[in-house]
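Chains as they are written, first to last, in numbering that gives the first Met the number 0: chain A, 0 to 90; chain B, 0 to 90; chain C, 0 to 90; chain D, 0 to 90; chain E, 0 to 90. Yeah, the Cβ is synthetic: ideal placement off N, Cα and C, and Gly gets one too. Since the model is a prediction, treat every value here as computed from it, not as a measurement.
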Amino acid sequence: MIVGKVVGSLWATRKDNKLNGLTFLMVKPYSHDDARVQHEYIVAADNAGAGVGDNVLVTTGSAARTSLANADIPVDAVIVGIIDSIEVTDE
Amino acid sequence: MIVGKVVGSLWATRKDNKLNGLTFLMVKPYSHDDARVQHEYIVAADNAGAGVGDNVLVTTGSAARTSLANADIPVDAVIVGIIDSIEVTDE
Amino acid sequence: MIVGKVVGSLWATRKDNKLNGLTFLMVKPYSHDDARVQHEYIVAADNAGAGVGDNVLVTTGSAARTSLANADIPVDAVIVGIIDSIEVTDE
Amino acid sequence: MIVGKVVGSLWATRKDNKLNGLTFLMVKPYSHDDARVQHEYIVAADNAGAGVGDNVLVTTGSAARTSLANADIPVDAVIVGIIDSIEVTDE
Amino acid sequence: MIVGKVVGSLWATRKDNKLNGLTFLMVKPYSHDDARVQHEYIVAADNAGAGVGDNVLVTTGSAARTSLANADIPVDAVIVGIIDSIEVTDE
Chain A
0 MIVGKVVGSL WATRKDNKLN GLTFLMVKPY SHDDARVQHE YIVAADNAGA GVGDNVLVTT
60 GSAARTSLAN ADIPVDAVIV GIIDSIEVTD E
Chain B
0 MIVGKVVGSL WATRKDNKLN GLTFLMVKPY SHDDARVQHE YIVAADNAGA GVGDNVLVTT
60 GSAARTSLAN ADIPVDAVIV GIIDSIEVTD E
Chain C
0 MIVGKVVGSL WATRKDNKLN GLTFLMVKPY SHDDARVQHE YIVAADNAGA GVGDNVLVTT
60 GSAARTSLAN ADIPVDAVIV GIIDSIEVTD E
Chain D
0 MIVGKVVGSL WATRKDNKLN GLTFLMVKPY SHDDARVQHE YIVAADNAGA GVGDNVLVTT
60 GSAARTSLAN ADIPVDAVIV GIIDSIEVTD E
Chain E
0 MIVGKVVGSL WATRKDNKLN GLTFLMVKPY SHDDARVQHE YIVAADNAGA GVGDNVLVTT
60 GSAARTSLAN ADIPVDAVIV GIIDSIEVTD E
């Protein structure tokens, strides 16, 4: 899974009906290497009640759909948790 | 999911019959880092009525097929929404 | 999906029996950024009658298997179309 | 699969209930190229009893869920083994 | 699929029982661009009787499991063929 920070939201009125009711958040993946912080945003459906500024855990691929009520929803990334803390003790 | 801009179209007469009737659009993924804007195009089947110049939301992988009527279509990227706006409030 | 050019072929006598009868082509993905043209080759099973020099549309991941007669074939990339033209009108 | 080193842990109280009971570890993928060691962390659920400092084998994608008791768990990376040794004899 | 060279082996005593009996080989993906040869190793389960020095064809993702006897094995990369030759005739 990916760790990132919620930095914004995305709105789309015209979309696949199966996406109705989902909140789409912009997530900026973390890197432990400052030189490569410039990553693309990921757009993830929220399933953890996350908001801007939250550090979140994002599940991608087919696993993302297992977090939603319906396995037929065309979503490939879902926020599955809000991170309390990360402890890195060995580099 | 990926955010990108529709920049063109692709035509293929000789193709898997399962692809008949689909529109294939060239999508250029957005990056928030100008130094890395030079990404490959993604070819995505359109399921949102998108056109050139639209900013779109693209779902990839097995999830893409859940947006189409038939789960047996060999497509790994589908445009599932046309973006109204993105609001990034926290970098 | 990925757009690329067929640049060669691959032969493997000792292989998973499920791969028998498939043609494996070397595909070089296109990039619209010359500085990054140096990509790895993709090996894709051909399902469109492609040959060296053809520009092709390649479907990857689990979707690739939906293009073949048998969903149990261990192939993660299939050429699903031969490209007639690509029109990019908005950069 | 990916080879990496466990460098820490991640805690998330608010999360998808399906994730309850799993331990999430921070894994730093190995590279044999020092110039590219600066990779992102992967967050992987532990299914091998791994701890900080262990070199581990991580399975990603849909395969990750086959290692867990329930295929509906939204996890895309699982530690499936603790590495005793790697012998590279041909570069 | 990916083309690479087998450069070594990996041993893990403590692992998911479903992995018992598999041989894990270290595969170094080929690049046709010397400047980017420095790729990470892939760890792949062997299903073609490969050994160190062999050039192999590796299938990744969910397709990898279709090469094994049991679709529930947590493996995301399998060596499905030993390459006799690659002929690249058009760059």
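Mind listing the chain H neighbours of B:Asp83? Cutoff is C-beta to C-beta under 9 Å, in chain order. Among the protein chains in the structure shown, which are A, B, C, D and E, there is no chain H.
Presumed contact (8 Å Cβ cut-off) between E:Asp45 and E:Leu24, rounded CB distance: Between E:Leu24 and E:Asp45 the Cβ distance is about 5 Å, and since that is below 8 Å, they are a contact.
Continuous beta strand (DSSP E) assignments of at least 3 residues falling wholly in the segment 2–34 of chain C: Within the segment 2–34 of chain C, the complete beta strand (DSSP E) runs of at least 3 residues are 23–28.
Taking only beta-carbon atoms, is A:Gly80 less than 9 Å away from chain D? Yes, its Cβ sits closer than 9 Å to a Cβ of chain D.
Integer-rounded CB distance, given that A:Ala11 should sit under 8 Å from B:Asp83: With 8 Å as the limit, B:Asp83 and A:Ala11 qualify as a contact, their Cβ atoms being about 6 Å apart.
Report yes or no: do three or more beta-carbon pairs, one from the segment 57–66 of chain D and one from the segment 65–81 of chain E, lie closer than 8 Å? The answer is yes - the segment 65–81 of chain E touches the segment 57–66 of chain D, with three or more Cβ pairs under 8 Å.
Grouping DSSP H, G and I as helix and E and B as strand, with all else coil, what is E:Ala68? Coil, per DSSP.
What residues in the segment 17–28 of chain D bring their beta carbon closer than 9 Å to a beta carbon of chain A? So the list reads Lys17, Leu18, Phe23, Met25 and Lys27, given in the order they occur along the chain.
Per-residue burial, A:Arg64 [other beta carbons within 10 Å of its own, 16 or more giving buried]: With 16 or more other Cβ atoms within 10 Å, it is buried.
When the Cα atoms are used, what is the spatial distance from D:Ile41 to D:Val51? Going from the Cα of D:Ile41 to the Cα of D:Val51 covers about 14 Å.
What residues of chain D sit near A:Asn46, judged by a beta carbon separation below 7 Å? Scanning chain D for C-beta atoms nearer than 7 Å to the C-beta of A:Asn46 yields Asp15, reported in chain order.
Look up E:Ala49 in the DSSP assignment and say whether it is helix, strand or coil. Reduced to three states, the DSSP call for E:Ala49 is coil.
Hey, does E:Arg35 have any beta-carbon neighbour from chain C nearer than 9 Å? Below a pLDDT of 50, predicted positions are generally treated as unreliable, and E:Arg35, at 44, falls in that range; the measurement from the model is reported next regardless. E:Arg35 has a beta carbon lying within less than 9 Å of a beta carbon in chain C.
In the DSSP assignment, find the beta strand (DSSP E) that holds B:Gly60 and state where it starts and stops. In the DSSP annotation of this structure, B:Gly60 is not part of any beta strand (DSSP E), being labelled neither H nor E.
If D:Ser66 sits next to E:Asp15, beta carbons under 8 Å apart, how far is it from one beta carbon to the other, in whole angstroms? Right, their Cβ atoms sit about 5 Å apart.
Buried/exposed call for A:Gly48, threshold 16 Cβ in 10 Å: Under this definition A:Gly48 is an exposed residue.
So with CB distances below 9 Å, who are the chain B contacts of C:Ala63? Within 9 Å Cβ-Cβ: Pro73 and Asp75.
Between which two residues does the beta strand (DSSP E) harbouring A:Ile85 extend? First-last of the beta strand (DSSP E) with A:Ile85: Ser84 to Val87.
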